[in-house]
Amino acid sequence: MTILILGGGGREHALAAAIARSPDCDRLVCAPGNAGIAALAECLPCAIEDPAAVVALARQLAADLVVVGPEAPLAAGVADALSAAGIAVLGPSAAAARLEASKSFTKEICDACGAPTAAWARFAEAEAARAYVTAEGAPIVVKADGLAAGKGVVVAMTVEEALAAIDRLMAEPGAEVVIEAFMAGEEASLFVLCDGETALEFGRAQDHKRAFDGDTGPNTGGMGAYSPAPVLSDAVAERAMTEIVRPVLAEMTRRGMPFRGILYAGLMIEDGAPRLVEFNVRFGDPEAQVVLPRLACDALALFRAAAAGRLAGETVAWRAEAALTVVLAAKGYPGAYEKGSRIGGLVAAAALPGVQIFHAGTAARDGAIVASGGRVLAVTALGADIAGARDAAYAAVECIDWPEGFCRRDIGWRALATTAKEG
Ligand code: GLY
315 MTILILGGGG REHALAAAIA RSPDCDRLVC APGNAGIAAL AECLPCAIED
365 PAAVVALARQ LAADLVVVGP EAPLAAGVAD ALSAAGIAVL GPSAAAARLE
415 ASKSFTKEIC DACGAPTAAW ARFAEAEAAR AYVTAEGAPI VVKADGLAAG
465 KGVVVAMTVE EALAAIDRLM AEPGAEVVIE AFMAGEEASL FVLCDGETAL
515 EFGRAQDHKR AFDGDTGPNT GGMGAYSPAP VLSDAVAERA MTEIVRPVLA
565 EMTRRGMPFR GILYAGLMIE DGAPRLVEFN VRFGDPEAQV VLPRLACDAL
615 ALFRAAAAGR LAGETVAWRA EAALTVVLAA KGYPGAYEKG SRIGGLVAAA
665 ALPGVQIFHA GTAARDGAIV ASGGRVLAVT ALGADIAGAR DAAYAAVECI
715 DWPEGFCRRD IGWRALATTA KEG
């Protein structure tokens, strides 16, 4: 079977590694891929946000399944074009991808099916948004009502911060914002594999969004993650499936836009009660790098079943070990950073027991691996528990010789504090 993965980051490397383990995977292609993915798959160039270009590549390869990694191709209608061409795809239609592309759409869906989430209001006029924030006070959350590559959400602890966020997010003509009540609690992510009718829980994780230790510094795409997430217990996950995920999926189907793909529910959990923070319509990055290595069944078989609408009766099996990943980023990220610096020690790091290194932003040059992005590597390790995974991941990080990079030294701190309290 020939599988085409779209994307070129750490998430797609983790997807490639999971799919490559399947006995049914004969040929694995990734567009555009990266230097790490190239060890597992053929990497081909493709304008992955152009539906016609993706269909042409899938046809040329006679792909049996296309797995879409990032959200932008989904919002651009790549899954619709593939489905129309009769090519199986794991990823939702553009209509269903609005669960990530439009915050107000998601809020309307939640309201329609009673899924618990924060109170909200949408504004097309900055003046009205400013007046609302001034009346409501802080803390308060301001979100761009569209895809914003991780820069569209501001949790404002003061009214002044919220007003500045409104000015920034509404600077472009036509921009709208959604303003939400602040939710207290602990955030965690629940992944769900969906075929339009059936929803199978597909992993739990927590990530670290801030750049620096102690959850300080600017927001990033994620500087590390671990799975499982102690705050997302079986009981909380079941509540989230019952109170949020299944009602939302039923409402999407009722509206004629069934969701087929991987749904990422960002949850705020307080006193055992989950509320929805946001949906993404694809795997998390770096959450995929800790969820997928724990999978103890055939990922490709499940992805094909989801794409074909036949998930009913399928089950997911997990390894008992925990996984933790540490992201190595170029110094300066998430601001300006240099590209092209050489990274050494990768072979020694990957040789440590339980360690897998996922490439996020790398290229091969003159026989060496060089940095080509902001987030560059995700160093993942499995361990008997999160502490064991953390120790193994940092031992691997120590083997990597890359003076131009940095990482957080406290990935997993929250889970370890919870475990210590419980113990
Ligand atoms: N780690 C956050 C995301 O994938 O959106």
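Everything in the sequence shown is counted per the working numbering, starting at 315 for the first residue and increasing by one.
Backbone N, C-alpha and C fix where the C-beta goes; we use that ideal spot for every residue, glycine too.
Only a predicted model underlies this, so the values are computations on that prediction, with no experimental measurement involved.
Asp263 versus Tyr446 - alpha carbon distance: The requested residue 263 is not part of the displayed model; the chain covers only 315 to 737.
Per-residue DSSP class, three states only, for Gly324: In this structure, DSSP gives Gly324 a helical state, which the three-state scheme calls helix.
Rounded distance between the beta-carbons of Ala579 and Leu563, thought under 8 Å: No, Leu563 and Ala579 are not in contact; Cβ-Cβ is about 11 Å, not under 8 Å.
Touching by the beta-carbon criterion (3+ pairs, under 8 Å), the region 696-712 and the region 633-648: Judged by Cβ distances under 8 Å, the region 696-712 makes contact with the region 633-648, as three or more pairs qualify.
Segment contact flag, the region 493-512 with the region 612-626, C-beta cutoff 8 Å, min 3 pairs: Touching, yes, given that three or more Cβ pairs across the two stretches are closer than 8 Å.
Gly737 burial status per 10 Å Cβ neighbour count (16 or more: buried): Only weak support is given to the placement of Gly737: the predicted model assigns it a pLDDT of 48, under 50, and the value that follows is read from those uncertain coordinates. For Gly737, the number of other beta carbons within 10 angstroms of its own is below 16, and it is reported as exposed.
Straight-line Cα distance separating Ala330 from Gly517: Looking at the backbone, the Cα of Gly517 and that of Ala330 are separated by about 17 Å.
Pairwise C-alpha distance: Asp612 and Leu666: Taking the straight line joining both Cα atoms gives about 24 Å.
At least 3 beta-carbon pairs within less than 8 Å: the region 686-699 vs the region 322-338: They touch, by the three-pair rule.
Sequence-distant residues of the same chain with beta carbon closer than 7 Å to Phe720, five excluded per side: Excluding sequence neighbours, Phe720 sits near Ala643, Lys645.
Near ligand 1: Gly598 beta-carbon under 7 Å from a heavy atom: Yes, the Cβ of Gly598 comes within 7 Å of a heavy atom of ligand 1.
Alpha-carbon to alpha-carbon, Gly538 and Glu601: Answer to the nearest angstrom: the Cα atoms are 8 Å apart.
Classification of Gly451 by the beta-carbon crowding that lies within 10 angstroms, buried from 16 upward: With fewer than 16 Cβ atoms within 10 Å of its Cβ, Gly451 is classed as exposed.
Cα-Cα separation between Cys427 and Glu441, rounded to whole angstroms: Spanning the two alpha carbons is a distance of roughly 31 Å.
With 16 other Cβ atoms within 10 Å as the buried cut-off, status of Gly599: Sequence inspection shows Asp at residue 599; the Gly mentioned does not correspond to that position. Burial is judged here by how many other beta carbons sit within 10 angstroms of a residue's own beta carbon; Asp599 has at least 16 and is buried.
Separation of Ala398 from Asp338, as counted between CA atoms: In a straight line, the C-alpha of Asp338 is about 25 Å away from that of Ala398.
Length of the line joining the Cα atoms of Thr694 and Asn594: Linking Thr694 to Asn594 through their CA atoms gives a straight-line distance of about 22 Å.
Test item: CB-CB of Thr448 and Ala376 under 8 Å: Against a cut-off of 8 Å, the Cβ pair of Ala376 and Thr448 comes out as no contact.
8 Å Cβ cutoff met for Pro384 and Arg596: With respect to Arg596, Pro384 sits close: the two C-beta atoms are nearer than 8 Å.
Pro717, buried or exposed, once every other Cβ within 10 Å from all chains shown has been counted against 16: Per the 10 Å Cβ criterion, exposed.
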